[in-house]
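Residue numbers (the working numbering): 4 to 197. Data block below; observations after.
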C-alpha cells in the first residue's frame, strides 16, 4: 500500500521504489526458521546483540516532506519574531501583524497603501527632506490622513470610499475578506488623488 501511494515519502519507501524501477522481477520467499541459512543466522545474532546495548546506534532519516514542512515552520516562526520586534514598517505591521506568504497584492496603489511608501509628504520628507505637512495644513501628510481625514479629498472619499469608512476598523484581514471591492475603492481613490 505504501509503495503504491504518493503520500508516503520515507527514505525506505523511496529506496524500494528506486529498486523496483531498476529490477522489475523481484521474488519474495518465506523462510520458516533461521536455522541453517547463514545470512539469517547472522541477522538473528546481530539482533540479539543489539538488544543488550544501552544506546541506539541507528539514525532514522526524515522524509523530504517532513523536512520541508519543518524548515518552513521554523523560517516562518523566525520571520514572525523579526516582524514583531522590528522597529521598521510599523504602519504596515498595524495592517498585517501576522506574516504570511499568501497575502500578495500586485497593484501599484494598493502597495502604496499597505507600505505607506508613495507620493505622500511624510514619505517625501524621509527621503528628500521635503515638508511633511499636508497641503491642507491640518496634519502630517500620511496615507491614513489622505484616506480618512484630509478635507481636500472629501468629495472623492464620499464617492468611492464611504462604504469602507462605515466599517470602522480597517486592517488587512478585512481587506482580504472583502473579495477585492475594498482594494478597488482604495486603488481608485489613490489614482484620483494623483
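Beta carbons: idealized from backbone N, C-alpha and C, even for Gly. The model shown is predicted, which means the values in this text are computed figures rather than measured ones.
> Assuming residue 34 and residue 43 make a contact with CB atoms under 8 Å, what is their CB distance in whole Å?
Replying inline: Here residue 34 refers to the residue found at position 31 when the chain shown is read from its first residue. Here residue 43 refers to the residue found at position 40 when the chain shown is read from its first residue. Under the criterion of beta carbons closer than 8 Å, residue 34 and residue 43 qualify as touching, at roughly 6 Å.
>> Measuring straight from C-alpha to C-alpha, what distance separates residue 96 and residue 123?
In response: Numbered from its first residue, the chain shown carries residue 96 at position 93. Numbered from its first residue, the chain shown carries residue 123 at position 120. Rounded to whole angstroms, residue 96 to residue 123 spans 19 Å at the Cα level.
> What alpha helix (DSSP H) runs, 4 residues minimum, are completely inside the region 87 to 151?
Replying inline: Unbroken alpha helix (DSSP H) stretches of 4 residues or longer found wholly inside the region 87 to 151: 93 to 98, 111 to 118, 124 to 131, 146 to 151, given in chain order.
> For residue 20, which residues from the same chain have a beta carbon less than 6 Å from its beta carbon, with the 5 sequence-adjacent residues on both sides left out?
Replying inline: Translated into the one-based positions of the chain shown, residue 20 becomes position 17. Cβ within range, chain order: n/a, list empty.
> Does the distance from the CB of residue 120 to the CB of residue 126 come in under 9 Å?
Replying inline: Mapped onto the chain shown, residue 120 falls at position 117. Mapped onto the chain shown, residue 126 falls at position 123. Against a cut-off of 9 Å, the Cβ pair of residue 126 and residue 120 comes out as a contact.
> Whose C-beta lies closer than 7 Å to the C-beta of residue 116 among residues of the same chain, with five residues either side of it excluded?
Replying inline: Here the question's residue 116 lines up with position 113 in the chain shown. If we look at residue 116 and ignore the five residues flanking it on each side, its Cβ neighbours are 146, 189, 193.
> Which two residues bound the contiguous alpha helix (DSSP H) that contains residue 42?
Replying inline: The residue given as residue 42 occupies position 39 in the chain shown. Per DSSP, residue 42 belongs to the alpha helix (DSSP H) from 41 to 54.
>> Let's see if you can read the secondary structure: which residues bound the alpha helix (DSSP H) around residue 18?
In response: Counting from 1 along the chain shown, the entry for residue 18 is found at position 15. Looking at the DSSP string, the run of the alpha helix (DSSP H) that includes residue 18 is 14 to 25.
> Which one of 103, 54, 155, 55 has the shortest CA to CA distance from residue 80?
Replying inline: Residue mapping note: residue 80 aligns to position 77 of the chain shown, counting from 1. Checked all of 103, 54, 155, 55; the closest Cα to residue 80 is 103.
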